[in-house]
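Accompanying notes for the structure given below.
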Amino acid sequence: MDEELLRRFRDGDPTAATAVRNHLRAVAARVLAAPQWSFIPADQRQPLEQGAAAEAMIERQRDSVGMAAEAMAAASRAGLERLRRHEAVAEAEHPTTAALVAVGLETASAAQAAQLRPHLEGCTTCKRHVELVGAAARAAATASVAVNDTPAVAAAPPVTRKAPDTHGRPHKLLRDPNDPISQVIEQPAPRTGTRAGLVPIALILLAMAVFAYAKAQLSPEETRWAIAAMLPPELPPTGRAELYDGDAREALLHMRDGDCPRAAAMLRTVRGSAPDDPWLQWYEGLAYVCTRDGADAVPLLQELADGGFEPFGLDWWLGQALLLAGRHDEGLRHLDQLARTDHPRARQAEKLAAKVRKLL
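Position 76 (the sequence shown) corresponds to 75 in numbering that gives the first Met the number 0; numbering is contiguous.
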């Protein structure tokens, strides 16, 4: 869906209106197909998708990103409303569905987030619902369907990232005031300023609405975030964790559980006492890739590659780091090199390189 189509829609072109409706319904369908909403029967999702598309069309956001964002929010509200009814939540005792969705999608205003914070700190149900909204949106992004390829909408595949267990522990959004994700409660992070262990929701919106059309002229910052959203939402390998003890082992276990920012910070400290261990340097570099921080990841991984240290998957992770750092040609070269091998990642590298080239 491009801006010309939106202009025709606003001018009353019925053909354009149908195309826009199909596009927005496809966005809503990918959200509602996420595993988090699997309790909703498939035949009951269709009216929810149609309703979400209608809400987004009524809002008439000024651009395609805004329209996609509204469709995602409307679908998320529909899903959460069903969940709250399914769990017999007494809504009078909790924030509104719309307010929880705004926090989950990181679109809440600073004032709204501050108002909700006391309740979210004390209510395990609402904290869980906020996390579900964000997780469903991220799962929708893994469908990797171009937003203008709307005739067929596939269900989102399972998320490959292992979700950390939150039973009996504070919700991740509120666990650590220094965690960039938790700061959404006090001050929602802007699209270009968030560094989270999981791809921020704003990046997913950008990916849904932007990287389907290769000729769009994106700024370098938009390109960086669009590429970050394209990368697989997976955790780095941590198979050698059992060979370490103390803080090194703890850091790798944090990364295994999805807390990559904490793992990166701990590994940076641990490496200071073991500078000759290339594996710790490798894992620190992977932690930065996981947090979508190419600037810090590239020097670590490139130094290992230049020194002849070539762990399994070096091209895959270094290629991603270079793409995140804006060194697209070098990153694509590593992916192409991997694609020409019989490595298990070969096909995945080929597909990722094709997506990036389409964006660039």
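No residue lacks a Cβ here, since even glycine has one placed at the ideal position from N, Cα and C. Keep in mind that this is a model prediction, so the values were computed, not measured.
CA nearest to the CA of ALA135, picked from LEU104, ALA109, ARG223, LEU300
One-based indexing of the sequence shown puts residue 135 at position 136. Out of LEU104, ALA109, ARG223, LEU300, LEU104 has the C-alpha closest to the C-alpha of ALA135.
Separation of HIS333 from PHE308, as counted between CA atoms
Here the question's residue 308 lines up with position 309 in the sequence shown. Here the question's residue 333 lines up with position 334 in the sequence shown. Spanning the two alpha carbons is a distance of roughly 15 angstroms.
Return the residue from the list ALA324, GLY306, ARG326, PHE311 that minimises the CA-CA distance to ARG344.
The residue given as residue 344 occupies position 345 in the sequence shown. The closest CA to that of ARG344, considering only ALA324, GLY306, ARG326, PHE311, is found on PHE311.
Within 10 angstroms of its Cβ, does VAL144 collect 16 or more other Cβ (buried), or is it exposed?
Indexing the sequence shown from 1 puts residue 144 at position 145. With a pLDDT of 35 at VAL144, under the threshold of 50, the modelled position of that residue is not reliable, and the figure given next carries that caveat. Classification for VAL144: buried.
If you draw a straight line from the C-alpha of ASP335 to the C-alpha of TRP281, how long is it?
Numbered from 1 along the sequence shown, position 336 holds the residue referred to as residue 335. Numbered from 1 along the sequence shown, position 282 holds the residue referred to as residue 281. Distance from the CA of ASP335 to the CA of TRP281, rounded to the nearest whole angstrom, comes to 21 angstroms.
Identify whether LEU230 lies in helix, strand or coil by the three-state DSSP scheme.
Here the question's residue 230 lines up with position 231 in the sequence shown. DSSP, read as helix, strand or coil, puts LEU230 in coil.
Which term fits ASP275, buried or exposed, when burial requires 16 or more other beta carbons within 10 angstroms of its beta carbon?
In the sequence shown, residue 275 corresponds to position 276, counting from 1. ASP275 is classed as exposed because its beta carbon has fewer than 16 other beta carbons within 10 Å across all chains shown.
First through last residue of the alpha helix (DSSP H) which encompasses ARG291
Taking the first residue of the sequence shown as position 1, residue 291 is located at position 292. Looking at the DSSP string, ARG291 is not in any alpha helix (DSSP H), and its letter there is neither H nor E.
Answer yes if the stretch 66–85 comes into contact with the stretch 38–57, meaning at least three C-beta pairs across the two stretches below 8 angstroms, and no otherwise.
Yes, they touch.
Can you tell me whether GLU54 is helix, strand or coil according to DSSP?
Counting from 1 along the sequence shown, the entry for residue 54 is found at position 55. Helix, per DSSP.
Within the continuous alpha helix (DSSP H) that includes ALA264, where are the two ends?
Within the sequence shown, the letter at position 265 stands for residue 264. 259–272 is the span of the alpha helix (DSSP H), which, as asked, contains ALA264.
If you measure between the beta carbons of LEU300 and ALA320, is that distance less than 7 angstroms?
What you label residue 300 is simply residue 301 of the sequence shown in a count that begins at 1. What you label residue 320 is simply residue 321 of the sequence shown in a count that begins at 1. It is a contact, given that the beta carbons lie within the stated cut-off.
Alpha carbon to alpha carbon, how far is ARG174 from ARG326?
Stepping through the sequence shown from its first residue, residue 174 is reached at position 175. Stepping through the sequence shown from its first residue, residue 326 is reached at position 327. Bear in mind that a pLDDT of 34 at ARG174, under 50, signals an unreliable position, so the model cannot answer this.
With 16 other Cβ atoms within 10 Å as the buried cut-off, status of ASN177:
On the sequence shown, position 178 is the one that residue 177 refers to. Bear in mind that the predicted position of ASN177 carries a pLDDT of just 37, short of 50, making it too unreliable to give a figure here.
Along the chain, where does the alpha helix (DSSP H) containing SER75 start, and where does it finish?
For the purposes of this step, residue 75 is identified with residue 76 of the sequence shown, where counting begins at 1. Per DSSP, SER75 belongs to the alpha helix (DSSP H) from 63–85.
Quick one: is ALA247 buried, meaning 16 or more other Cβ sit within 10 Å of its Cβ, or exposed?
Taking the sequence shown and counting its residues from 1, the one referred to as residue 247 is at position 248. ALA247 is buried by the Cβ-count criterion.
Please look up how many angstroms separate the CB atoms of LEU266 and PRO235, rounded, as I've assumed it's under 8 angstroms.
Here the question's residue 266 lines up with position 267 in the sequence shown. Here the question's residue 235 lines up with position 236 in the sequence shown. About 11 angstroms; that fails the 8 angstroms criterion.
Measure the Cβ-Cβ separation of ALA139 and VAL30 and say whether it is below 7 angstroms.
Within the sequence shown, numbered from 1, the residue matching residue 139 stands at position 140. Within the sequence shown, numbered from 1, the residue matching residue 30 stands at position 31. Yes, the pair counts as a contact, with Cβ atoms nearer than the cut-off.
By the 10 Å Cβ neighbour count, where 16 or more other Cβ atoms means buried, how is THR290 classified, buried or exposed?
By one-based count along the sequence shown, residue 290 stands at place 291. With 16 or more other Cβ atoms from the protein chains shown falling within 10 Å of its own Cβ, THR290 counts as buried.
Could you tell me if SER272 is buried or exposed, where buried requires 16 or more neighbouring beta carbons within 10 angstroms of its beta carbon?
Mapped onto the sequence shown, residue 272 falls at position 273. When all chains shown are included, SER272 counts as exposed.
Whole angstroms is fine: what's the gap from LYS357's alpha carbon to LEU331's?
Within the sequence shown, numbered from 1, the residue matching residue 357 stands at position 358. Within the sequence shown, numbered from 1, the residue matching residue 331 stands at position 332. The alpha-carbon atoms of LYS357 and LEU331 are separated by roughly 12 angstroms.
Please state whether DSSP places CYS125 in a helix, a strand or coil.
Here residue 125 refers to the residue found at position 126 when the sequence shown is read from its first residue. DSSP places CYS125 in helix when its eight states are reduced to three.
Does the contact criterion of 3 or more C-beta pairs under 8 angstroms hold for the stretch 108–127 versus the stretch 18–35?
Contact annotation: the stretch 108–127 does not touch the stretch 18–35, with fewer than three C-beta pairs closer than 8 angstroms.
Residues near ALA324 by beta carbon distance below 6 angstroms, same chain, minus five either side
Numbered from its first residue, the sequence shown carries residue 324 at position 325. GLY293, ALA294, VAL297, listed in sequence order.
Using the Cα positions of PRO34 and GLN114, report the straight-line distance between them to the nearest angstrom.
Indexing the sequence shown from 1 puts residue 34 at position 35. Indexing the sequence shown from 1 puts residue 114 at position 115. PRO34 and GLN114: Cα-Cα distance of roughly 30 angstroms.
For ARG239, the three-state DSSP class (helix, strand or coil):
Numbered from 1 along the sequence shown, position 240 holds the residue referred to as residue 239. Secondary structure at ARG239: coil, using DSSP grouped into helix, strand and coil.
In whole angstroms, what separates the C-alpha of LEU47 from that of ALA227?
In the sequence shown, the residue the question calls residue 47 occupies position 48. In the sequence shown, the residue the question calls residue 227 occupies position 228. In this structure, the straight-line span from the alpha carbon of LEU47 to that of ALA227 is close to 30 angstroms.
Quick check on GLU309: does DSSP put it in helix, strand or coil?
Here residue 309 corresponds to residue number 310 of the sequence shown, with the count starting at 1. The three-state reading of DSSP puts GLU309 in coil, since its state is none of H, G, I, E or B.
Within this structure, are the beta carbons of ALA27 and ALA74 separated by less than 7 angstroms?
Here the question's residue 27 lines up with position 28 in the sequence shown. Here the question's residue 74 lines up with position 75 in the sequence shown. The answer is yes: Cβ separation under 7 angstroms.
Contacting residues, own chain, Cβ-Cβ under 6 angstroms from ASP314 (five flanking each side not counted):
Against the sequence shown, residue 314 aligns to sequence position 315. Cβ-Cβ distances below 6 angstroms link ASP314 to HIS333, GLN336, LEU337 in the same chain, with the five nearest sequence neighbours on each side left out; the list follows chain order.
Tell me which residues share the same chain as ALA262 and place their Cβ nearer than 6 angstroms to its Cβ, disregarding the 5 neighbours each side in the sequence.
Reading the sequence shown from its first residue, position 263 is the one you call residue 262. Cβ neighbours of ALA262 beyond the five flanking positions: ALA250, HIS253, MET254, ALA286.
Applying the 10 Å Cβ sphere with the 16-neighbour rule, what's the burial state of THR128?
Position 129 of the sequence shown holds residue 128. First, the amino acid is wrong: residue 128 is His here, not Thr. With 16 or more Cβ atoms within 10 Å of its Cβ, HIS128 is classed as buried.
Helix, strand or coil at THR33 according to DSSP, with G and I counted as helix
By 1-based counting over the sequence shown, the position of residue 33 is 34. Per the sequence shown, residue 33 should be read as Ala rather than Thr. Residue state, collapsed to three classes: coil.
Taking all protein chains shown into account, decide if GLY318 is buried (16 or more other Cβ within 10 angstroms of its Cβ) or exposed.
Residue numbering aside, residue 318 sits at position 319 when the sequence shown is read from its first letter. Buried, since its Cβ has 16 or more Cβ neighbours within 10 Å.
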